[in-house]
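Visitor: Supplied in structure tokens, the structure appears directly below.
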Amino acid sequence: MTLPPDWSQWRDQVDLDGYDARWARMAAEGGNPHGEADLVRSMGPRSVLDGGCGTGRVGIELARHGIAVLGVDPDPDMIAAARAKAPDVEWLQLDLADLERPERFDVVVLAGNVIPYAGRRAELVAACARHLVAGGRVVAGFALQDGWPTSADYDAWCADAGLSPHARYATWDRLPYEGGDYLVAVHTLIGPAAGSGSAPSPSTGPPPGRPG
Numbered sequence: 255m256t257l258p259p260d261w262s263q264w265r266d267q268v269d270l271d272g273y274d275a276r277w278a279r280m281a282a283e284g285g286n287p288h289g290e291a292d293l294v295r296s297m298g299p300r301s302v303l304d305g306g307c308g309t310g311r312v313g314i315e316l317a318r319h320g321i322a323v324l325g326v327d328p329d330p331d332m333i334a335a336a337r338a339k340a341p342d343v344e345w346l347q348l349d350l351a352d353l354e355r356p357e358r359f360d361v362v363v364l365a366g367n368v369i370p371y372a373g374r375r376a377e378l379v380a381a382c383a384r385h386l387v388a389g390g391r392v393v394a395g396f397a398l399q400d401g402w403p404t405s406a407d408y409d410a411w412c413a414d415a416g417l418s419p420h421a422r423y424a425t426w427d428r429l430p431y432e433g434g435d436y437l438v439a440v441h442t443l444i445g446p447a448a449g450s451g452s453a454p455s456p457s458t459g460p461p462p463g464r465p466g
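Numbering-wise, this note's numbering comes out as the position in the sequence shown, counting from 1, plus 254.
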């Protein structure tokens with residue numbers, strides 16, 4: 255599997271032990287290393303697709319709260335690290351754009367600049383949409399910088415995939431987005447995604463964010 259050039263360059267500079275250690279340091283210093291998981295949990299999902307899951311930080315925290323998680327990442331070393339930390343969670347080494355599963359998820363989370371590092375961005379967004387239940391949400395956080403996708407680019411890919419804008423934040427703590435260099439975008443799937451068929455979701459409850 256060929257990784258996107260930007261991602262390969264980043265990985266060449268990163269030690270995974272050090273990458274994980276910074277989150278442990280954040281917690282030890284009183285910070286919250288689980289802002290992404292907290293935002294996703296606030297939507298009340300029973301199942302989450304963790305796209306670009308890396309070493310599993312977000313997915314493991316969601317699973318710890320009883321949420322069914324599938325983690326997907328193209329990087330074999332990161333998937334190996336996630337499996338070592340949480341062998342009971344399902345981790346899949348795959349380009350998210352190529353994902354074809356029968357499950358439908360309440361939420362797809364794309365943390366850690368998944369969108370700008372992706373090689374096939376429109377296809378990745380379409381794959382996210384087709385793995386959602388009707389009313390499910392894609393939550394993506396990414397930096398806005400020169401040479402990377404704009405918020406308008408991302409909105410266009412979402413629209414093509416049948417995803418409608420729901421909310422925009424400047425941080426995973428839900429500070430309002432008023433411009434700036436980081437965006438957390440929430441989009442909702444209205445009706446079945448194109449090509450999704452009728453495969454059931456592992457969730458039997460209401461769409462995320464609605465009372466049961």
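Cβ coordinates follow ideal geometry from the N, Cα and C atoms, glycine included.
For the putative contact between V368 and F396, defined by C-beta atoms under 8 Å, what is the C-beta separation to the nearest angstrom?
Guide: With a Cβ gap of about 7 Å, V368 and F396 count as contacting.
Visitor: Going by beta-carbon coordinates alone, are G390 and V361 separated by less than 8 Å?
Guide: In this structure, V361 lies closer than 8 Å to G390 by Cβ.
Visitor: Any idea which residues DSSP pairs S296 with across the strands?
Guide: Bridge partners of S296: none, in fact.
Visitor: In the stretch 315-403, which residue ranges form an unbroken alpha helix (DSSP H) of at least 4 residues, counting only runs that do not cross its ends?
Guide: DSSP runs (the alpha helix (DSSP H)) wholly in the stretch 315-403: 330-339, 368-371 and 375-384.
Visitor: Distance check for G284 and A448, CA to CA, integer angstroms please.
Guide: Only weak support exists for where A448 lies, its pLDDT of 49 falling under 50; the coordinates are left without a value.
Visitor: Could you give the DSSP three-state label for L303: helix, strand or coil?
Guide: Residue state, collapsed to three classes: strand.
Visitor: Excluding five sequence neighbours on each side, which residues of the same chain lie with their C-beta closer than 7 Å to the C-beta of L353?
Guide: Closer than 7 Å at the Cβ level, and outside the excluded window around L353, lie V326, A381 and H385.
Visitor: Compare the C-alpha of D409 against each of H441, A388 and Q399 and name the closest.
Guide: For the residues H441, A388 and Q399, the minimum Cα distance to D409 belongs to H441.
Visitor: Please state whether DSSP places A291 in a helix, a strand or coil.
Guide: Here A291 sits in helix by DSSP.
Visitor: Check whether the Cβ atoms of V323 and E290 lie closer than 8 Å to each other.
Guide: Not closer than 8 Å, so no.
Visitor: Would you kindly check if the distance between the Cβ of A334 and the Cβ of G317 is under 8 Å?
Guide: Rather than Gly, the amino acid found at residue 317 in this sequence is Ala. No, Cβ-Cβ distance for A317 and A334 is not below 8 Å.
Visitor: Given A394, which residues of its chain have a CB within under 6 Å of its CB, disregarding the five upstream and five downstream residues?
Guide: Answer for A394: L364, I369 and A439, listed in chain order.
Visitor: Cα separation between G416 and A406?
Guide: Those two C-alpha atoms are separated by around 15 Å.
Visitor: If we call anything under 8 Å between Cβ atoms a contact, is L270 one with M332?
Guide: It is a contact, given that the beta carbons lie within the stated cut-off.
Visitor: So, for E344: in the same chain, excluding its five sequence neighbours on each side, which residues have a beta-carbon less than 8 Å away from its beta-carbon?
Guide: If we look at E344 and ignore the five residues flanking it on each side, its Cβ neighbours are V323, L324 and G325.
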